[in-house]
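Contents: one structure, followed by commentary.
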Amino acid sequence: MASVIRGRHQQLFGTQLTLWESPGEDTNTEPNDHYRFTLQMPMIQHPPSLDYGRLRYRCRFKLTAILDHRRRSSLQPLLTAHHTVYYRPWIPTRTLKVPVIRHSKNLVVQMAQSDIVAGERCQLQVSPSSSIKVVLELVQIVTLPFQMNDERIPPSETVVVRSAPFDVVPNQTNVPLSIVIPADTPPTYCFGRVITLRYELALQVCLKKKSRVSWPGSCFAEDNQVRLPLVIGTLGHGIRVPEDMKHYTDFGSFDTSSVPVPKFLPCIEYENTPPRYLPSTLPPYPSCIST
């Protein structure tokens, strides 16, 4: 498991286990043989899987299976297979007691929930003062450590998803608008050693005027934009992170030996299990009962 930025490589952790080893030359394997295992992650929060090309940053987690022969003199294994693991830290979401309200020249925005889980629909309400078109955008904001205390270098922003234009007419109150957060969106996190990640919901507002300029044209401007902070979590409302959970930054940057690593657990095979259910026939329970 490693993190890469600007050509520098830093491994977060690594562990390995021999799943099967032949005791002798006469032991052969069959094509349909399976070697099952269970991998238990430690109570450590790591950065989420992320590939951010604008800053040449990548955080990847992968499983590697190697097939080799013990008597081979070559350093190259017989077969190597890699499997990508999409890791997500535990990010809680909270319920607001008072909705978030923003005022602009053309509308009032009200959002009841500012924390949401990826894959869900983000909902809000607007009350316009004139005929407008509104486009919702989920903006991903990536900040490097040196940018936190230097306002001259703005953070990097990327629009993750954009909605279709909503037509909103005046004299209406609490007009519902919504946008679906993609399920593969990385969560908000601020404990990264290399970057921090946060989100904002941007409302692009365009006034409907009798003009020859076609929609959307150049009607969008910075003063016609409303932004609301948005937290994208991985845990539903009411689910808390365990108190003994730690961040990987609590350990040394270079002393990777002190960071707890995942554990391989033995796979438990249950023999006395109910028969497989088939909708067409009743399960033969008597045949499974030993006398």
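When we follow our numbering, the leftmost residue of the sequence shown carries the number 1, and every step to the right adds one.
Positions of the beta carbon are idealized from the N, C-alpha and C atoms, including for glycine.
Source: prediction; values computed, not measured.
Residue i - DSSP class collapsed to helix/strand/coil
i, result
"T158", "strand"
"F191", "coil"
"G233", "strand"
"Q16", "coil"
"T249", "helix"
"Q113", "coil"
"F61", "strand"
"R94", "coil"
"P145", "helix"
"R292", "Outside the shown range of the chain (1 to 291) lies residue 292, about which nothing can therefore be said."
"S127", "strand"
"S258", "helix"
Cβ separation of residue i and residue j, assumed to be a contact under 8 Å, to the nearest whole Å
i, j, result
"V159", "L136", "10 Å between Cβ atoms; not a contact."
"V116", "T93", "Contrary to the premise, residue 116 reads as Ile rather than Val in this sequence. 7 Å between Cβ atoms; contact."
"P89", "P48", "6 Å"
"C327", "I179", "There is simply no residue 327 to check, as the chain begins at 1 and stops at 291 in what is shown."
"G119", "A183", "4 Å"
"V226", "R102", "5 Å"
"V108", "L228", "Wrong, their Cβ atoms sit about 12 Å apart, outside the cutoff."
"C267", "T84", "At roughly 22 Å, the Cβ-Cβ gap does not stay under 8 Å, so C267 and T84 are not in contact."
"P176", "Q125", "6 Å"
"K313", "S131", "Residue 313 falls outside the range modelled here, since the chain spans only 1 to 291, and no answer is possible."
"T95", "T80", "Not a contact, Cβ separation roughly 47 Å."
Contacting residues, own chain, Cβ-Cβ under 7 Å from residue i (five flanking each side not counted)
i, result
"R240", "P92"
"Y52", "V142"
"N32", "none"
"G192", "P47"
"D167", "K133"
Residue j beta carbon less than 7 Å from that of residue i
i, j, result
"T188", "T143", "no"
"L265", "Q40", "yes"
"K133", "C206", "yes"
"Y248", "H82", "no"
"L50", "P260", "no"
"S127", "N106", "no"
"F61", "Y35", "no"
"D68", "L78", "yes"
Same chain only: Cβ atoms within 6 Å of residue i, ignoring 5 sequence neighbours per side
i, result
"R198", "I141 and T188"
"V213", "A caution first: V213 carries a pLDDT of 47, below 50, which makes its placement in the model unreliable, though a value can still be read off. Answer for V213: no residue qualifies."
"E157", "V139 and I141"
"D244", "M43"
"T173", "S127"
Using 8 Å as the Cβ pair cut-off and three pairs as the minimum, do the segment 8-18 and the segment 163-173 touch?
no
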